[in-house]
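A.B. asks: So for the sequence shown, my numbering puts the first residue at 174; every next one is plus one.
Backbone N, C-alpha and C define an ideal beta-carbon position, used for all residues, glycine too.
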Amino acid sequence: MLNSARRSRTTRRVAIAALALGIAAGTTLVVGTGARAASKGGIYAPNGMVGVPEQIQVQVSGLNGQTITLGLSSGANATTINAVVGANGWATATWTPTAAGAWTINALGSALSAGTTTITVAPVPTYTVLMAQQAVQQYVSNTLQGAVVAPIGNIAPTGQVYLATAGGNGITTQPISGNYGTSTATVGLPWTPGTGGAQALVATFQPSNGNFTSSTSPISQPFVTTANTTVALRWPANLYAGTATVLQAVLGAGIPNGSVAFSMDGTGISGSIPTVNGVATYQWTPPTTGIHTIAVTYTGNPVPGQAGQASGANSQTVNIQGSLPADNIVVDPPSQPVWQIASPIVMTAGQSVTLAATTTSNTTVLFSEQGPCVINGSVLTALSAGQCQVTAFTAGNAQLKPGSETYTISVNAAPKKKK
Numbered sequence: 174m175l176n177s178a179r180r181s182r183t184t185r186r187v188a189i190a191a192l193a194l195g196i197a198a199g200t201t202l203v204v205g206t207g208a209r210a211a212s213k214g215g216i217y218a219p220n221g222m223v224g225v226p227e228q229i230q231v232q233v234s235g236l237n238g239q240t241i242t243l244g245l246s247s248g249a250n251a252t253t254i255n256a257v258v259g260a261n262g263w264a265t266a267t268w269t270p271t272a273a274g275a276w277t278i279n280a281l282g283s284a285l286s287a288g289t290t291t292i293t294v295a296p297v298p299t300y301t302v303l304m305a306q307q308a309v310q311q312y313v314s315n316t317l318q319g320a321v322v323a324p325i326g327n328i329a330p331t332g333q334v335y336l337a338t339a340g341g342n343g344i345t346t347q348p349i350s351g352n353y354g355t356s357t358a359t360v361g362l363p364w365t366p367g368t369g370g371a372q373a374l375v376a377t378f379q380p381s382n383g384n385f386t387s388s389t390s391p392i393s394q395p396f397v398t399t400a401n402t403t404v405a406l407r408w409p410a411n412l413y414a415g416t417a418t419v420l421q422a423v424l425g426a427g428i429p430n431g432s433v434a435f436s437m438d439g440t441g442i443s444g445s446i447p448t449v450n451g452v453a454t455y456q457w458t459p460p461t462t463g464i465h466t467i468a469v470t471y472t473g474n475p476v477p478g479q480a481g482q483a484s485g486a487n488s489q490t491v492n493i494q495g496s497l498p499a500d501n502i503v504v505d506p507p508s509q510p511v512w513q514i515a516s517p518i519v520m521t522a523g524q525s526v527t528l529a530a531t532t533t534s535n536t537t538v539l540f541s542e543q544g545p546c547v548i549n550g551s552v553l554t555a556l557s558a559g560q561c562q563v564t565a566f567t568a569g570n571a572q573l574k575p576g577s578e579t580y581t582i583s584v585n586a587a588p589k590k591k592k
């Protein structure tokens, strides 16, 4: 089961949103036998996030082996999902939220006795990258590349990207027009510079609805020159050793398509890559930190009636930073001691705890559990004696890779009632 809770670093508050990593969303998390034996029935649904698959657990009696139906609705958004009840009286349904907001989940038909629950689905966090070629021609339309990344889930952001100078002077606003993979949206940003020299630019993502958060890129500084550069390099503003990135070669105005090859410090890192509409793209993982020289060589395709082939080269010194550190997570439920991996966490069957956490990235944390416990919304409930494994995940951000911590909770049996 998937769930999330979030608190700011200075206040204690329960989150109303869920955040999941791709690996977490693809993990099958099963309620333990003890939990099934102890539960009296109901729907256990985590808070969610748009585009992130999650599991909904349903306990219902007398329907073993039968298919049950759940209805899910949020305003104008509505759908149904089915699940088969196992021999133990539990059914698991997988659902991917499609819109942010409050969702009501109802058991329908024969499963009506399982009741209803309401969860909150949060918008997907994003970060924006602006890739500007190292050299652009003055008074000529140059197309920069914007990318908006949803670090979790399987839905690419939708909306538009606003390109401006770092001082706030607007240049253009363009709708997102393409995808790179399943969760990255791309956009071309035309710019005709009128001022020479280095220009500081930023790109801001403006979502088309409440399903995504806005974000602004780090500053990129292309150099504006009067000359037409045969081939130029572009890459994200920040490069990290061990983290996949993208290198692109961009041909100048009127330069024919051809092929390019990339190298670092004189050693080839790619084979020959064809340009398409004047751009060649290569996915690359920097192997080491420090100051390095990235270079590109270009050979043009033969042009009928023209002797020889166009060619050119360019290079740029870059600073490759150290490996991305993992996001740090601190789980500190309200009115509870901070959870420690090495310290025992003890609960009693029937006891509930509201999950909350802080992170270095200040992003939402996802919780999942296995064993004789359930998480409904942001509340962890111990159902019967045994051990629960509760894992906290964070998606991090552009400067922090995802982090996770797993805690073991010992659940004691509830005291026997005196007759």
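1) Is it true that the stretch 295-307 meets the stretch 397-407, where meeting means three or more beta-carbon pairs spaced less than 8 angstroms apart?
2) Assign Val-469 to buried or exposed, taking buried as 16 or more other Cβ atoms, counted over all protein chains shown, within 10 Å of its Cβ.
3) Scan the stretch 450-483 and note each continuous beta strand (DSSP E) run of 3 residues or more that stays entirely inside, going in chain order.
4) Within the chosen definition, does the stretch 313-326 reach the stretch 251-268 through at least 3 CB pairs nearer than 8 angstroms?
5) From the DSSP secondary-structure annotation, give me the bridge partner or partners of Asn-315.
6) Am I right that Thr-357 and Val-322 are in contact with their C-beta atoms under 8 angstroms? What's the rounded C-beta distance?
7) Can you check which of these residues, Gln-239, Asn-474, Thr-531, Ile-493, is closest to Ile-502 by C-alpha distance?
8) Using 8 angstroms as the cut-off, can you tell me whether the stretch 551-559 makes contact with the stretch 266-286, which would need three or more C-beta pairs spanning the two stretches below that distance?
9) Rounding to the nearest angstrom, what Cα-Cα distance links Ala-565 and Ser-516 in this structure?
10) Please return the same chain residues whose Cβ sits closer than 8 angstroms to the Cβ of Ile-344, not counting the five positions on each side in sequence.
11) Taking the alpha-carbon positions, what's the Gly-221 to Thr-240 distance?
12) Starting from Leu-553, trace the beta strand (DSSP E) in both directions and tell me its first and last residue.
13) Taking 8 angstroms as the threshold, find out whether the stretch 535-551 comes into contact with the stretch 471-483 through three or more Cβ pairs.
14) Within the continuous beta strand (DSSP E) that includes Ile-548, where are the two ends?
15) Might you give, ordered along the chain, the residues of its own chain that have their beta carbon closer than 8 angstroms to the beta carbon of Thr-331, omitting 5 neighbours on each side?
16) What are the boundary residues of the beta strand (DSSP E) that includes Asn-279?
17) First and last residue of the beta strand (DSSP E) that includes Asn-255?
18) Per DSSP, Val-375 forms a beta bridge with which residues?
19) In terms of residue numbering, what span does the beta strand (DSSP E) encompassing Ser-286 cover?
20) Determine the direct distance from the alpha carbon of Ala-400 to that of Pro-575, and round the result to whole angstroms.
21) Please give me, in chain order, every unbroken run of the beta strand (DSSP E) with length at least 3 that falls completely inside the stretch 389-462.
22) Buried or exposed: Pro-270, going by 16 or more other Cβ atoms within 10 Å of its Cβ?
C.D. replies: According to the data block:
1) yes
2) buried
3) 452-457, 463-473
4) no
5) Trp-364
6) 5 angstroms
7) Thr-531
8) no
9) 16 angstroms
10) Leu-336, Ala-337, Thr-338, Leu-362, Trp-364, Leu-374
11) 24 angstroms
12) 552-555
13) no
14) 546-549
15) Ile-349, Ala-358, Pro-380, Ser-381, Asn-382, Asn-384, Phe-385
16) 274-281
17) 250-257
18) Ala-337
19) Careful: Ser-286 lies outside any beta strand (DSSP E) and carries neither H nor E.
20) 43 angstroms
21) 396-398, 404-407, 418-424, 431-437, 452-457
22) buried
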